[in-house]
Amino acid sequence: MSDKVDAPNGADAVPTTLLESPSFQLERLRRRTRDEVEAALATHETTLREYWVLTCVIDRDAASQSALSELLGIDASDMVRLIDSLEKRGWAKRERDPRDRRRQIVSATKKGAKTHSTLAELVAEAEHDALDESSKKQLKHLRKLTVAVLTTEHPDGDDSDTHQLKGA
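Under this note's numbering, think of the first position of the sequence shown as 1340, with each following residue one higher.
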């Protein structure tokens, strides 16, 4: 029989093997931070994925819908709905690329940039709350480790994460 550790919320004991598993640890961490961030963003009637898109559009000044889909790993049809939502709020706008009429270029509006500032503060606070028992040194190590893992070339030679995170 394997060793077990009591779960913090009183649920059945979690096997130690799972607690030592990076995939299990990362999933728990992802769920914990995502839940906190989603709850904070819900107070402004927005979602984490909408925040990600707005952040990318602001950071890059403008980007094509397809580039945003690829960068964030979001299905193209979902990206259309996310950008539709940002447009309805007046946070982003789409324009045809003058060099390629098939491409839609997405850019932030002034209202979107102002809103992003507020949302970024909410996200930072929610992430802090989710990780409140972690020290600054631990969080710095977590960020460095995450970048190191994600910037390692994939076995199939695809190093797309490398280019995206090196500037992070």
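Cβ coordinates follow ideal geometry from the N, Cα and C atoms, glycine included. Please read all numbers here as calculations on a predicted model, not as lab measurements.
Item, Value
"Cβ-Cβ separation, V1376 to V1462 (assumed contact under 8 angstroms), whole Å", "5 angstroms"
"Neighbour-count burial assignment, T1429, 16 or more Cβ in a 10 Å radius", "Note on identity: in this sequence residue 1429 is Gly, with Thr being the wrong assignment. So G1429 counts as exposed."
"Q1404 versus L1411: straight-line alpha-carbon distance, rounded", "11 angstroms"
"Completely contained beta strand (DSSP E) runs for the region 1411–1457, where each covers 3 or more residues", "1431–1436, 1439–1447"
"For E1389, the nearest candidate out of Q1364, A1431, E1464 (CA to CA)", "A1431"
"For A1378 and L1358, the rounded distance between their alpha carbons", "26 angstroms"
"Cα-Cα separation, E1464 to K1479", "16 angstroms"
"Beta strand (DSSP E) segment containing A1401, residue limits", "1401–1403"
"CB of A1401 within 8 angstroms of CB of C1395, strictly", "no"
"Sub-8 angstroms separation of S1424 and A1415 beta-carbons", "no"
"V1488, buried or exposed, once every other Cβ within 10 Å from all chains shown has been counted against 16", "exposed"
"T1382 versus R1373: straight-line alpha-carbon distance, rounded", "14 angstroms"
"Residues bridged to P1361 [DSSP beta-bridge criterion]", "Paired residue(s): none; P1361 is not in a bridge."
"Closest Cα partner of Q1443 within the set T1386, K1450, V1419", "V1419"
"Counted within 10 angstroms of its Cβ, other Cβ atoms place L1365 as buried (16 or more) or exposed", "exposed"
"Inter-residue Cα distance where the pair is T1355 and P1361", "12 angstroms"
"Helix, strand or coil at H1383 according to DSSP, with G and I counted as helix", "coil"
"Minimum C-alpha distance to I1397 - residue among R1441, K1450, R1435, D1468", "K1450"
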